[in-house]
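K.L.:
Starting off with a structure, shown below.
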Amino acid sequence: MKVLVIGLNHKTANVELRERLAFNGPKLEDGIFSLRNVPEVREVALLSTCNRVEIYACVGNANLAADNIKDFLSSFHSLLRTDFENSLYLHTGPDAVRHVFRVASSLDSMIVGEPQILGQLKDVFDFALSKKTTGVLLNKLMKKAISTAKRVRTETRIAENAVSVGFAAVELAKKIFTDLSGKAFMLLGAGEMAELAARHLVNNGVQEVLVANRTYERGCELAKEFNGKAVKFEDFLQELVHTDIIICSTGAPSYVLSKDQMQKVMKERKHRPVFLIDISVPRNIDPLINKIDNVYLYDVDDLQEVVDSNMLERKKEAEKAERIIDEEVEKFNKWISSLDSVPTIVALRQKAEEIKGEEFEKFRNKFPGIDEPTLKAIEYMATAVMNKLIHPPTAALKEDTEDRDELIAMIKKLYGINGDDNEE
Amino acid sequence: MGTILFELALTFYFTATIISVVEVFKGSKESSRLMLIITGIGFLIHSSSIIYRYFAAGHLPITSMHEASSFFAWCVVLIFFLLEYKYKIGIMGSFILPVVFVLMLSSSVLPRGIHPLSPVLQSYWLGIHTFLAFLGNASFAVAFGVGIMYLLQEHYLKSKHLHGLFKRLPSLQILDEINYKLISLGFPLLTLAIITGALWAESAWGSYWRWDPKEVWSLTTWFIYALVLHVRLTAGWRGRKAAILSIIGFSVILFTFFGVNLLLKSLHSFV
Chain W
0 MKVLVIGLNH KTANVELRER LAFNGPKLED GIFSLRNVPE VREVALLSTC NRVEIYACVG
60 NANLAADNIK DFLSSFHSLL RTDFENSLYL HTGPDAVRHV FRVASSLDSM IVGEPQILGQ
120 LKDVFDFALS KKTTGVLLNK LMKKAISTAK RVRTETRIAE NAVSVGFAAV ELAKKIFTDL
180 SGKAFMLLGA GEMAELAARH LVNNGVQEVL VANRTYERGC ELAKEFNGKA VKFEDFLQEL
240 VHTDIIICST GAPSYVLSKD QMQKVMKERK HRPVFLIDIS VPRNIDPLIN KIDNVYLYDV
300 DDLQEVVDSN MLERKKEAEK AERIIDEEVE KFNKWISSLD SVPTIVALRQ KAEEIKGEEF
360 EKFRNKFPGI DEPTLKAIEY MATAVMNKLI HPPTAALKED TEDRDELIAM IKKLYGINGD
420 DNEE
Chain A
0 MGTILFELAL TFYFTATIIS VVEVFKGSKE SSRLMLIITG IGFLIHSSSI IYRYFAAGHL
60 PITSMHEASS FFAWCVVLIF FLLEYKYKIG IMGSFILPVV FVLMLSSSVL PRGIHPLSPV
120 LQSYWLGIHT FLAFLGNASF AVAFGVGIMY LLQEHYLKSK HLHGLFKRLP SLQILDEINY
180 KLISLGFPLL TLAIITGALW AESAWGSYWR WDPKEVWSLT TWFIYALVLH VRLTAGWRGR
240 KAAILSIIGF SVILFTFFGV NLLLKSLHSF V
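What follows is the structure in C-alpha cells.
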C-alpha cells in the first residue's frame, strides 16, 4: 500500500482551471464516494479550497491508481484529460507524505505561514472520517500532518509576523496601546487600502469609529459600514483631541495636518499617545510630526517595509520548518514500513502458541498422574522455550533493513506461515 | 551558615542574570521560564539568609552596608515577582536582574561582621523606617528598569526599525502604566520613610532635621519623584519624559545609597 497525492494549486493552475476542478458543496460528497470506488484506491480524502484541489489516497498500484483518478476527474467535471493534465502534480510514497505535511504546515501556501489551511485540512479529514472513506494509513497521515503543523507553529516563528499592510498597522497599534478595545479610531478620507486597514482595526477590537470625509454623504456611508459616526471634514482637528488611531487617505495634494497643529492637539489631549497612519500618496501628514513626543507616524512605505522584513523573516523560518518536516516524514515512513512486518510477526507468534498448546495437551493426556503445580512448571518451561525460539526472527523482522521484504518472505516459508498474502 | 546561604543566593542570582542577558539576544519561552525559576530559588535562599541573620543579630539585618545592599536587592526581587505575577513579561528580568546582581555583588564585597547595635539604633523605628525606605527605593529601582524598557521600545517605534527586542517588549502603554504604578507606590513609601526617619531622629538625636547629607539627598530624591508625579498629573508628562525622570531619580537614589555613605561624612553612617 502506498500514499498518493494528486492535485493542483495556485502555482500550477490558474484560477479558471481551479474553479472548474473544484469540489464545491454537494460535489464534495459525490466526489469522495465516487473516488472511493475508483479501482486501486483503498482510502481517500479530498481537499478543495480556492487555492488548491488535492486528492489524498492510499492505493495499491500507484500508476494505475493515478491513471484511474485522472479519468475520474475528467468524467466527473466533464473535462478533457488534456485540459488539466499538465497542471496536475503527482506524489507517491515519502514524497506524498512530505507534500501533505508541507501543505498542513502552510509552507505550500500562497502566503507562507497563513493559518487557515490547517483548519481546512482538519475539516477534510473529519469529513472523510464521517463518511468512512479513510482507514489506518490515511488516518495516521492526517493525525501526523496536524501534529507536524502544530510543531512547526510552536517551534518556528513562521506565523508570527504580519505580512499585509493592514495587519502591520494592527501589530504596531498593539505595541503602542496593548488593547485596542477602548481606543477611538478615525478614518480621514477613504480609499481601498485605508478601508481595508480600518476593517483590520475594527476586527481587532476598536469600537469607537469616526469617519471624516470631504463629501459628507460618502462619510456617512462608510461610517454605517463600520458602525461608526460621520463627522465634518473641517472638524477633524477637534476630533483628533480624543482620537487615538488615525488612518489618513484623503488624496489632498498637500499636508492636511502640520506639526504646529499636531503639537496643539497633543497639548490638549495631555500627551496621550497617538498612532497616525498616512496611506495617502502624496503624503497628507507632515512627516516631521513623528518627532513630537508620544506621536507615532507611519506612512505607506514604512508599513510596506515592515511587511517586507516580516516576509524575509518568514522565509528564514520556513527553512527551519522544512527541517522539522524532514524529521516527521522520516518517522512516518518508518511507521509505514513497519506495518508490513507486523502481520508476519503476529502470525509467527500465533503459530508458535498453537504448537505449544497442542504439544502440552498431548503431554497431559500421556501422563495423567502429574499434579497441578508440576504441570504449571512444565507449561512455564514450554513457554520460555517458545519465546526464546521466536525471539531472533521477531527481532530481525522489526529491524529496518533494505532486504526486509525478502526476509518476510523467507520467514513465512521457513515457519510454514501460509500467507493471507493480500496485504490489505 | 549565613554566609553559605548568602553565597548560594548570589550564585543563583548570578546564573539568572547571565540567562537574562542571553535572553536579550536569543530568547525563548524555555529560557524565560528557567530564568524565573532560578531567580525564585535564589529569592527563597536569600530570604532564609536574611531570616537567619535576623535571629543571629537579634534585629532586622539592615545596619551595615553589607546587610543593607542585600536587603535592597531582596526588596527589588520581591517587587519584580509581584509585577511578573501580574503582567507576565518575561523579558523584564533582563532589565531588573542585573540591578539585583550589582546590589548583591556590592553587598558581597563589603565587610560582613555582625556588630552589636549602637544604642541610638535600638528602637522599633529601625524596622519601620528602614523597611519603608527600602521598599520605596526598590520600587524606584524597578521603575528604572521599566523606564529603560520604555525608551528602548519607543526608539524601535519611532525609528521604525522593528527587529531585535521589538517583538518581545510589551506595549508602550503597559510599560508606562507599570512605571506610573511603581512610582505611585514608591513615593508614599519614601514620604513615610522620611517622616518616620524624622521622628526617630528626634527621639535619638533630639532634632527632627539636621541637614545631614543623607537627609538632604533623600529629600532631593523625594522632590524628583514628587515632580514626576506632579507633571504627569498636571501637564501630562507621560511616556518618554516619565521614563527619563525615573532613570534620573534612581541614579540619585544610588548616589544617596552608596555615594553618601562612602564619600560624604554623614551621621546616618550605617546606611
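In the order they appear, the protein sequences are chains W and A.
So that you can map any letter, position 181 of the first sequence is 180 in numbering that gives the first Met the number 0, and since no number is skipped, the others follow by simple counting.
So that you can map any letter, position 225 of the second sequence is 224 in numbering that gives the first Met the number 0, and since no number is skipped, the others follow by simple counting.
All C-beta atoms, glycine included, are put in the ideal place defined by N, C-alpha and C.
Output needed for residue 148/W: all residues of its chain with C-beta closer than 6 angstroms, excluding positions within five of it in sequence on either side, in chain order.
P.N.:
For the purposes of this step, residue 148/W is identified with residue 149 of the first sequence, where counting begins at 1. Once the five neighbours on either side are set aside, the close Cβ partners of residue 148/W are 103, 104 and 117.
K.L.:
Write down the C-beta distance between residue 106/A and residue 65/A rounded to the nearest angstrom, noting that I regard them as a contact closer than 8 angstroms.
P.N.:
Residue 106/A sits at position 107 when you count from the first residue of the second sequence. Residue 65/A sits at position 66 when you count from the first residue of the second sequence. Their Cβ separation, rounded to whole angstroms, is 5 angstroms, which keeps residue 106/A and residue 65/A in contact under 8 angstroms.
K.L.:
Which full runs of the alpha helix (DSSP H) of 4+ residues lie inside the segment 57-139 of chain A, going along the chain?
P.N.:
64-86 and 92-108
K.L.:
Name the one or two DSSP bridge partners that residue 277/W has.
P.N.:
As a first step, residue 277/W must be located in the first sequence, where it is residue number 278. Answer by DSSP bridge pairing, in chain order: 247/W and 298/W.
K.L.:
Can you tell me the Cα-Cα spacing of residue 44/A and residue 117/A, whole angstroms?
P.N.:
Taking the second sequence and counting its residues from 1, the one referred to as residue 44/A is at position 45. Taking the second sequence and counting its residues from 1, the one referred to as residue 117/A is at position 118. One C-alpha to the other measures close to 29 angstroms.
K.L.:
Since residue 64/W contacts residue 124/W with CB under 8 angstroms, what's their CB separation in whole angstroms?
P.N.:
Reading the first sequence from its first residue, position 65 is the one you call residue 64/W. Reading the first sequence from its first residue, position 125 is the one you call residue 124/W. The Cβ separation is near 20 angstroms, so there is no contact.
K.L.:
Taking only the alpha-carbon atoms, compute the straight-line gap between residue 422/W and residue 339/W and give it to the nearest angstrom.
P.N.:
In the first sequence, counting from the first residue as 1, residue 422/W sits at position 423. In the first sequence, counting from the first residue as 1, residue 339/W sits at position 340. Note that residue 422/W scores a pLDDT of 37, beneath 50, so its modelled location is shaky and nothing firm can be said.
K.L.:
Look at residue 58/W and residue 323/W and say whether their C-beta atoms are less than 7 angstroms apart.
P.N.:
Sequence index remark: in the first sequence, residue 58/W carries index 59 (1-based). Sequence index remark: in the first sequence, residue 323/W carries index 324 (1-based). Not closer than 7 angstroms, so no.
K.L.:
Who does residue 228/W pair with in a DSSP beta bridge?
P.N.:
Position 229 of the first sequence, counted from the start, is the residue given in the question as residue 228/W. 209/W, per the DSSP bridge assignment.
K.L.:
With DSSP as the reference, please indicate the residues paired to residue 112/W in a beta bridge.
P.N.:
On the first sequence, residue 112/W is found 113 positions in, with the first residue counted as 1. Beta-bridge pairing links residue 112/W to no other residue.
K.L.:
Which residues in chain W have a C-beta closer than 8 angstroms to the C-beta of residue 156/A? List them in chain order.
P.N.:
Walking along the second sequence from the start, residue 156/A turns up at place 157. Neighbours of residue 156/A on chain W, chain order: 171, 174, 175 and 295.
K.L.:
Using DSSP bridges, identify the partner residues of residue 256/W.
P.N.:
The residue given as residue 256/W occupies position 257 in the first sequence. Answer is 284/W, bridged to residue 256/W.
K.L.:
Which residues does DSSP list as the beta-bridge partners of residue 8/W?
P.N.:
Walking along the first sequence from the start, residue 8/W turns up at place 9. In the DSSP output, where bridge partners are listed per residue, residue 8/W has 51/W.
K.L.:
Quick one: what does DSSP say residue 167/W is sitting in, helix, strand or coil?
P.N.:
Stepping through the first sequence from its first residue, residue 167/W is reached at position 168. Residue state, collapsed to three classes: helix.
K.L.:
Which stretch, first to last residue, makes up the alpha helix (DSSP H) that contains residue 147/W?
P.N.:
Position 148 of the first sequence holds residue 147/W. Counting along the chain, the alpha helix (DSSP H) containing residue 147/W begins and ends at 135-154.
K.L.:
Is the number of C-beta pairs between the segment 130-145 of chain A and the segment 181-196 of chain A that are closer than 8 angstroms three or more?
P.N.:
Flag = yes, the segment 130-145 of chain A and the segment 181-196 of chain A touch.
K.L.:
When the cut-off is 7 angstroms and only beta carbons count, does residue 305/W lie next to chain A?
P.N.:
In the first sequence, the residue the question calls residue 305/W occupies position 306. Answer yes: the Cβ-Cβ gap between residue 305/W and chain A drops below 7 angstroms somewhere.
K.L.:
Mapping the DSSP letters down to three states, classify residue 290/W as helix, strand or coil.
P.N.:
Residue mapping note: residue 290/W aligns to position 291 of the first sequence, counting from 1. Residue 290/W falls in the helix class under three-state DSSP.
K.L.:
DSSP state of residue 59/W, grouped into three classes?
P.N.:
Sequence index remark: in the first sequence, residue 59/W carries index 60 (1-based). DSSP places residue 59/W in coil when its eight states are reduced to three.
K.L.:
Determine, for residue 90/W, whether the minimum Cβ-Cβ distance to residues of chain A falls below 7 angstroms.
P.N.:
Taking the first sequence and counting its residues from 1, one reaches residue 90/W at position 91. So, not an interface residue.
K.L.:
Can you name the residues that DSSP bridges to residue 187/W?
P.N.:
For the purposes of this step, residue 187/W is identified with residue 188 of the first sequence, where counting begins at 1. Its beta-bridge partners are 211/W and 247/W.
K.L.:
Starting from the beta carbon of residue 308/W, find every residue of chain A whose beta carbon is closer than 8 angstroms, and list them in chain order.
P.N.:
On the first sequence, residue 308/W is found 309 positions in, with the first residue counted as 1. 161 and 162, listed in chain order.
K.L.:
Counting only C-beta atoms, is residue 89/A closer than 7 angstroms to chain W at any point?
P.N.:
Position 90 of the second sequence, counting from 1, holds the residue named residue 89/A. No, residue 89/A does not count as interfacial toward chain W.
K.L.:
Which bits of chain W does residue 238/A rub up against, with CB to CB less than 8 angstroms?
P.N.:
Here residue 238/A corresponds to residue number 239 of the second sequence, with the count starting at 1. Within chain W, the residues near residue 238/A are 270, 272, 292 and 293.
K.L.:
Distance, Cα to Cα, residue 412/W vs residue 392/W?
P.N.:
The sequence position of residue 412/W within the first sequence is 413, counting from 1. The sequence position of residue 392/W within the first sequence is 393, counting from 1. Going by the C-alpha atoms only, they are around 13 angstroms apart.
K.L.:
List the residues of chain A whose Cβ lies closer than 9 angstroms to the Cβ of residue 203/W, in chain order.
P.N.:
One-based indexing of the first sequence puts residue 203/W at position 204. None at all; the shortest Cβ gap to chain A is about 13 angstroms.
K.L.:
Does any CB atom of chain W fall closer than 7 angstroms to the CB of residue 170/A?
P.N.:
The residue you call residue 170/A lines up with position 171 of the second sequence. Taking Cβ atoms only, chain W reaches closer than 7 angstroms to residue 170/A, which makes this a yes.
K.L.:
If I follow the unbroken beta strand (DSSP E) through residue 90/W, where does it start and stop?
P.N.:
The count along the first sequence starts at 1 and reaches residue 90/W at position 91. For residue 90/W, the uninterrupted beta strand (DSSP E) segment begins and ends at 88-91.
K.L.:
Quick one: measure Cβ to Cβ for residue 296/W and residue 167/W, integer angstroms, because I've assumed they're closer than 8 angstroms.
P.N.:
Looking up residue 296/W in the first sequence gives position 297. Looking up residue 167/W in the first sequence gives position 168. With a contact defined as Cβ atoms closer than 8 angstroms, residue 296/W and residue 167/W miss out at about 14 angstroms.
K.L.:
Suppose you measure from the CA of residue 239/W to the CA of residue 284/W; what does that come to, to the nearest Å?
P.N.:
Within the first sequence, the letter at position 240 stands for residue 239/W. Within the first sequence, the letter at position 285 stands for residue 284/W. Near 13 angstroms, if we compare the C-alpha coordinates of residue 284/W and residue 239/W.
K.L.:
Of the residues 68/A, 89/A, 232/A and 247/A, which one's Cα is nearest the Cα of residue 223/A?
P.N.:
On the second sequence, position 224 is the one that residue 223/A refers to. For residue 223/A, the closest of 68/A, 89/A, 232/A and 247/A by C-alpha to C-alpha distance is 247/A.
K.L.:
Terminal residues of the continuous alpha helix (DSSP H) containing residue 215/A?
P.N.:
For the purposes of this step, residue 215/A is identified with residue 216 of the second sequence, where counting begins at 1. In the DSSP annotation of this structure, the continuous segment of the alpha helix (DSSP H) that includes residue 215/A starts and ends at 212-234.
K.L.:
If you reduce the DSSP assignment to three classes, tell me which class residue 41/W lands in.
P.N.:
Sequence index remark: in the first sequence, residue 41/W carries index 42 (1-based). DSSP places residue 41/W in strand when its eight states are reduced to three.
K.L.:
Please list the residues of the segment 182-196 of chain A that have a C-beta atom closer than 7 angstroms to any C-beta atom in chain W, keeping them in chain order.
P.N.:
none
K.L.:
Note down, in chain order, all residues in the segment 24-37 of chain W with a beta-carbon under 7 angstroms from any beta-carbon belonging to chain A.
P.N.:
none
K.L.:
Name the chain D residues whose beta carbon is nearer than 9 angstroms to that of residue 226/W?
P.N.:
As a matter of chain content, chain D is missing from the structure shown, whose protein chains are W and A.
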